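When we follow the working numbering, the leftmost residue of the sequence shown carries the number 4, and every step to the right adds one.
I have placed the structure first, in the form of structure tokens, so that the comments after it can refer back to it.
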Amino acid sequence: MSAASTHRAASVEFDHVTKSYDARATKAGAPGAVNDLSLEIPAGKICVLVGPSGCGKTTSLKMVNRLIEPTSGRILLDGVDAATRDTTELRRGIGYVIQQTGLFPHQTIEDNVVTVPRLLGWSKDRMHDRAHELLTVVGLDPERYAHRFPAQLSGGERQRVGVARALAADPPVMLMDEPFGAVDPIVRERLQNEFLRLQEQLAKTILFVTHDIDEAIKMGDLVAVFQAGGVVAQYGPPSEILASPASDFVARFVGTDRGLKRLSLFRVGELDLAPVVTAAVGSDGSAARRAAADDAFAYVLVTDEAGRPVGWIHRDRLTTGTVSSDQVESTSPLLDRRTTLKDALSMLLDADVQAGLVVDRTGVLRGRITVDDITSLMREPDARPLDATERAAADAAAGESPEGDAEAPERSARPDADDAA
Ligand code: ADP
Ligand code: MG
């Protein structure tokens, strides 16, 4: 991983960029493929260009590595005008992944991956090591894949090789044009997830083109919604675009289910968890009944000895004597911090008890959430989901780590539990 993660990234800026393929038509007043595009993409972020077919996404992308030259305007990489740079040298610093991967059919996977390092004159050993490292990074066992030819791989595997090849010389910028468009939905989802995990380490600047709004929302730190002629209808974080579409066009493009789509950006860990009155199997039922007497929620959660939820019992049915798992009347879905609020809501709508139980990695209860908790977060005017860095910090703070779990015995010796006994 070391050489793949040197954290170099460059900002990309479109500065009043226009491209017309037909100069005569443009003179006669027809708009070009891209018209006066201005867009700033900060270093280290994934910016998704999304929009209907023919709106100028591919044209915009190809102007960055100068496969297409702008008719007017400038594209700046870390402030330097791409037009002033030697194209070969420019392209070595820009990884490029396309839908059909463009692998060389008569070269092995290993040779394909080190296409750019070979041009850069790397030694055989260094290229070999880099190819093996990158194949591992993209989830392909080098022992099995390095010596195969592209035709001997599935579509999803070829896309992985395409990504490995684009990363080979550790470019600060990656251009990805519908990179996962040609694979089936299950493989696409896996490739998306793997790529997002990879990006957490790479922190490259990525321009990612898709026509699929769901993919845009999932992959983008920032999303630029294009409309015909390379016109940016809205640019911002996905949650903002879903919460307040800037125009009818954007609203139609993101879909009437944008509220649900927005829910998929938030996670259970971002809600405040309500405490739950619990009674461990084998404990005294009357103590739990007393503890639940004043709670707005009339149910007590039966847990096993380790604190893992078994199910609910109405507080009035807790009699004296020990609590047993046979008394459980209903159950709730189990959620964890990483469950999206969309999935959580869907599970809650399906459940007997309208409360979801949030558990840690070992299955031990952390608290409960309700549909109301979800809707009230969504109604907060400036609710925005955590980004990847913030989420990692929040997970660490929540003790979703071996050190954190070591605190659990201390917490179970709660003063209120002692009082009740
Ligand atoms: P997208 O990637 O959003 O589907 P493109 O950037 O490929 O859109 O195309 C934008 C517009 O430019 C379309 O109207 C397309 O027909 C036109 N176009 C693209 N490439 C060429 C070309 N080489 N010559 C002429 N017109 C082109
Ligand atoms: Mg295209």
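For every residue, glycine included, the Cβ atom is placed at its ideal position computed from N, Cα and C.
If you're wondering where the values come from, they're calculated on a predicted model, not measured in any experiment.
Residues near residue i by beta carbon distance below 8 angstroms, same chain, minus five either side
i: G57; result: A231
i: D18; result: S41, G76, R77, I78 and L79
i: S250; result: A236 and Q237
i: P145; result: E113, A134, H135, L138 and T139
i: L274; result: L344, I372, D376, I377 and L380
i: E243; result: R387
i: A424; result: Bear in mind that a pLDDT of 32 at A424, under 50, signals an unreliable position, so the number given afterwards is only what the model happens to contain. Excluding residues within five positions, the ones whose Cβ falls inside 8 angstroms are D287 and A290.
i: D353; result: P336
i: D425; result: The structure shown does not extend to residue 425, since the chain is modelled only from 4 through 424, so no value can be given for it.
Heavy atom of the ligand ADP within 8 angstroms of residue i beta-carbon
i: F229; result: yes
Proximity test, residue i beta-carbon vs the ligand MG heavy atom, cut-off 8 angstroms
i: V212; result: yes
i: E181; result: yes
Other residues of its chain near residue i: CB distance less than 7 angstroms, five sequence neighbours each side excluded
i: A12; result: A46, G47, P175, A206, K207 and T208
i: Q162; result: T104, P182, F183, V186 and L194
i: I49; result: Q202, I209, F211, M222, G223 and D224
i: I316; result: Y302, V303, V305, Q330, V331 and E332
i: S23; result: T29, G35, A36 and T74
i: L123; result: R95 and A172
i: S327; result: V284
i: Q102; result: D180, E181, P182, G184 and A185
i: G142; result: R163 and E197
Contact belief for residue i with residue j at Cβ below 8 angstroms, rounded distance in angstroms
i: V271; j: V361; result: 6 angstroms
i: R311; j: V367; result: 6 angstroms
i: N115; j: V164; result: 6 angstroms
i: A395; j: R340; result: At roughly 12 angstroms, the Cβ-Cβ gap does not stay under 8 angstroms, so A395 and R340 are not in contact.
i: L268; j: P248; result: In fact, because the Cβ distance is near 15 angstroms, the residues do not count as touching under 8 angstroms.
i: A291; j: L321; result: 6 angstroms
i: G98; j: L178; result: 7 angstroms
i: V100; j: A169; result: 5 angstroms
i: T213; j: V53; result: 5 angstroms
i: T118; j: A149; result: That pair is no contact at about 14 angstroms.
Cβ neighbours of residue i in the same chain (closer than 6 angstroms, five flanking residues each side left out)
i: D398; result: none
i: V280; result: A294, A295, D298 and V303
i: E16; result: E43 and L79
i: M350; result: P336
i: D215; result: none
Cβ of residue i within 9 angstroms of any chain C Cβ
i: N68; result: No chain C is present in this structure, which holds just one protein chain.
Exercise answer, beta-carbon shell around the ligand ADP heavy atoms below 5 angstroms: Y24, A36, S56, G57, C58, G59, K60, T61 and T62
Which runs of the alpha helix (DSSP H) spanning at least 4 residues fall entirely within the stretch 103-143, listed in chain order? 112-116, 118-122 and 127-140
Which runs of the beta strand (DSSP E) at least 3 residues long sit entirely within the stretch 325-410? Give them in chain order. 359-362 and 368-372
Can you list, in chain order, the stretches of the beta strand (DSSP E) that have 3 or more residues and sit fully within the stretch 36-89? 37-44, 49-53 and 75-80
Let me know the alpha helix (DSSP H) ranges lying completely inside the stretch 260-305, each 4 residues or longer, listed in chain order. 261-266 and 288-295
Ordered list of beta strand (DSSP E) runs contained in the stretch 179-258, each at least 3 residues: 208-213, 225-230 and 234-239
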